[in-house]
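Take the position in the sequence shown, starting the count at 1, then add 586; the result is the number in my numbering.
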Amino acid sequence: MKKINATPSDLAIVVFNKFKNLKNQSHKPSEKILVNLFENLFYASLKTEENDFIKVTITLINSENPDPRPPKRIVKDRWNIINLEETIEFNVKNIVKLSKAADPWSSSLAVDFDKNGNLFIWGLIDQSIHYQNYLHHESETGPEQPGLFQTSITNIGTLLVIIDYELIATLKQNILISKYIDVFKFGKVSDIVKSHSKKLIDEVVEYLSNLSDFEKETWNNQVNILWTQTISRILIRIQNYHHGGSFIISKSKNNDLDIKHKIQYGRLYNALKNKIAFSIENSTISDLIYEHYLDDESERDIPVELYLDESISNNNKNESSSELKGAIRFVASLSCIDGLVVLDDQLKVKGFGAVVKNFNLPEEVYISKTARFSVRNLEPIKPNHFGTRHRAIFSHCWGNVGSLGFVISQDGDIRAITRIENKLIMWENIRVHHMNKSQKLKRILLNKRK
């Protein structure tokens, strides 16, 4: 869902409606408080501090009872609140000043409101790097989130609201987006991506030979997930450059492209293969140790050779994760040069700085409002409405059926493009971060049903 000419007040309404059915009403912010919160953050995003754009995350959290339900086991890297000796008024000037000490990858500002509805900053919350790593698909598990919700300034005039790991809404200047399309889970884009990842599944089949059918299916799903996450991570990295970029995934010969810098870079695919192979190997050995040597009735010692095999496979798995991270960043960095980054259907880079020799555009491009293709959910638009980067992707995908294109605008918008039958389809506001349904909102819904 997208609303044009939106304001921070519209964002406040969306967030307020998410919490209106909270069973515990004792510390729920009013709509007026939320408007004040988002207006201050929005105006702060328009400022600079020491010539840098403002980036900061705030956590709305109860200053009198910030941790009402701590887990039985407190992990070493769990979040912690560092109290300010004196509270600070929540306003644009103070947000801008404190943002320099609260990089979103390291911490967030703890914000609360008093009985009169006045907002104030009362501390900082550390260990945010683990939260960011999970959002960016760089860790497999995410830590619990403190407070009621988080709001981040991610760009000029851009606010993003997350409850736990569920993206609630984004305000981009005057556009409010409250629904993101998961093209990697459903529909034509998902089908294309899965057809590409099948090549990797076929290559790791030897590691699955001794597993049950259920285990094989589980690992096949893991390959699809890892493949999708890799594409998402490339998109996020390009988005974070704030200069825009584009790439295509195509098995065509690319005769319509003039590739300025031709290369053969297959390390991304090899890293994916290593990651899956070593993960399967490590999981198999770990399961063997657990089943035969670590259950309650077993008194046998773990053989040294088996213990070493597990240690080595675990080390190999970690190394392959690091290799994959480096390969992803390498591929994303190629987008810093004008032109397309060209990958084949195994995510092997064929070149970058590519331009279309002769534009071959359809009369109309269709914006799809859903991940699955449905004619009634299409909105036609003329391709000349877009810039050169978009039209280059349009041209290639129109002339090469099965090609999949991605465009990242300077303002951070991410679009996916492919041809379906006789229509060129584009999806806007696609979901790329690691998002899950909020446990807080689940509790709200359960309480409502009761």
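Every residue gets a Cβ at the ideal spot worked out from N, C-alpha and C, and that includes glycine.
First through last residue of the beta strand (DSSP E) which encompasses residue i
{"i": "T1004", "result": "1000-1006"}
{"i": "W536", "result": "Absent from the model: residue 536. The displayed extent of the chain is 587 to 1036, so no value can be given."}
{"i": "I708", "result": "According to the sequence as given, residue 708 is Trp; it is not Ile. That run of the beta strand (DSSP E) goes 705-711."}
{"i": "E752", "result": "752-758"}
{"i": "G728", "result": "Where G728 is concerned, there is no enclosing beta strand (DSSP E), given that its DSSP letter is neither H nor E."}
{"i": "S764", "result": "S764 -> no beta strand (DSSP E), and no H or E assigned at all."}
{"i": "L746", "result": "744-749"}
{"i": "S795", "result": "Counting along the chain, S795 falls outside any beta strand (DSSP E), and DSSP gives it neither H nor E."}
Host alpha helix (DSSP H) of residue i (start-end)
{"i": "G912", "result": "890-919"}
{"i": "V779", "result": "773-789"}
{"i": "V1018", "result": "Segment: none, V1018 is in no alpha helix (DSSP H) and carries neither H nor E."}
{"i": "V682", "result": "678-685"}
{"i": "P594", "result": "594-605"}
{"i": "I866", "result": "853-879"}
{"i": "E636", "result": "No alpha helix (DSSP H) contains E636, which DSSP labels as neither H nor E."}
{"i": "A978", "result": "974-985"}
8 Å contact criterion, which residue i and residue j should meet: CB distance rounded
{"i": "L710", "j": "S693", "result": "5 Å"}
{"i": "N719", "j": "G998", "result": "Contact flag wrong, Cβ pair sits at about 20 Å."}
{"i": "I763", "j": "K588", "result": "5 Å"}
{"i": "S919", "j": "F833", "result": "S919 to F833, Cβ: 12 Å. No contact."}
{"i": "S1024", "j": "E752", "result": "4 Å"}
{"i": "I875", "j": "I862", "result": "With 8 Å as the limit, I875 and I862 do not qualify as a contact, their Cβ atoms being about 21 Å apart."}
Alpha carbon of residue i to alpha carbon of residue j, nearest angstrom
{"i": "E867", "j": "S899", "result": "7 Å"}
{"i": "V769", "j": "K780", "result": "12 Å"}
{"i": "K774", "j": "F959", "result": "7 Å"}
{"i": "K641", "j": "V791", "result": "45 Å"}
{"i": "S907", "j": "S616", "result": "44 Å"}
{"i": "A630", "j": "F916", "result": "33 Å"}
{"i": "D788", "j": "D799", "result": "15 Å"}
{"i": "A857", "j": "L892", "result": "25 Å"}
{"i": "N702", "j": "V809", "result": "53 Å"}
{"i": "V682", "j": "V927", "result": "36 Å"}
{"i": "A940", "j": "L786", "result": "27 Å"}
{"i": "H1020", "j": "N826", "result": "15 Å"}
{"i": "W1046", "j": "L746", "result": "Shown here, the chain extends from 587 to 1036; a query on residue 1046 therefore has no answer."}
{"i": "C983", "j": "S869", "result": "40 Å"}
{"i": "L670", "j": "P690", "result": "18 Å"}
{"i": "V1018", "j": "I817", "result": "9 Å"}
{"i": "V987", "j": "G937", "result": "20 Å"}
{"i": "E730", "j": "L880", "result": "29 Å"}
{"i": "K618", "j": "I599", "result": "9 Å"}
Cβ-Cβ distance between residue i and residue j below 8 Å
{"i": "T956", "j": "N963", "result": "yes"}
{"i": "W813", "j": "S838", "result": "no"}
{"i": "S776", "j": "S989", "result": "no"}
{"i": "N1022", "j": "Y766", "result": "no"}
{"i": "S954", "j": "I871", "result": "no"}
{"i": "N760", "j": "N591", "result": "yes"}
{"i": "N994", "j": "I979", "result": "Sequence inspection shows Ile at residue 994; the Asn mentioned does not correspond to that position. No, the pair does not count as a contact, with Cβ atoms beyond the cut-off."}
{"i": "E635", "j": "K686", "result": "yes"}
{"i": "L933", "j": "Y855", "result": "yes"}
{"i": "R1001", "j": "I914", "result": "no"}
{"i": "P620", "j": "A755", "result": "In the sequence as displayed, the identity of residue 620 is Leu instead of Pro. No."}
{"i": "G925", "j": "K848", "result": "no"}
{"i": "W708", "j": "D700", "result": "no"}
{"i": "N622", "j": "L705", "result": "yes"}
{"i": "K614", "j": "V678", "result": "no"}
{"i": "Y952", "j": "P966", "result": "yes"}
{"i": "S865", "j": "K903", "result": "yes"}
{"i": "A696", "j": "I660", "result": "no"}
{"i": "F992", "j": "L821", "result": "yes"}
{"i": "Q996", "j": "H829", "result": "yes"}
{"i": "V942", "j": "D842", "result": "yes"}
{"i": "L1037", "j": "P656", "result": "Outside the modelled stretch of the chain, which goes from 587 to 1036, sits residue 1037, for which no answer is possible."}
(request) Determine contact between the segment 713-727 and the segment 995-1007, defined as no fewer than three beta-carbon pairs at a distance below 8 Å. (result) no
(message) Check whether the segment 637-648 and the segment 719-727 touch, using three or more Cβ-Cβ pairs below 8 Å as the test.
(response) Too few Cβ pairs lie closer than 8 Å, so no.
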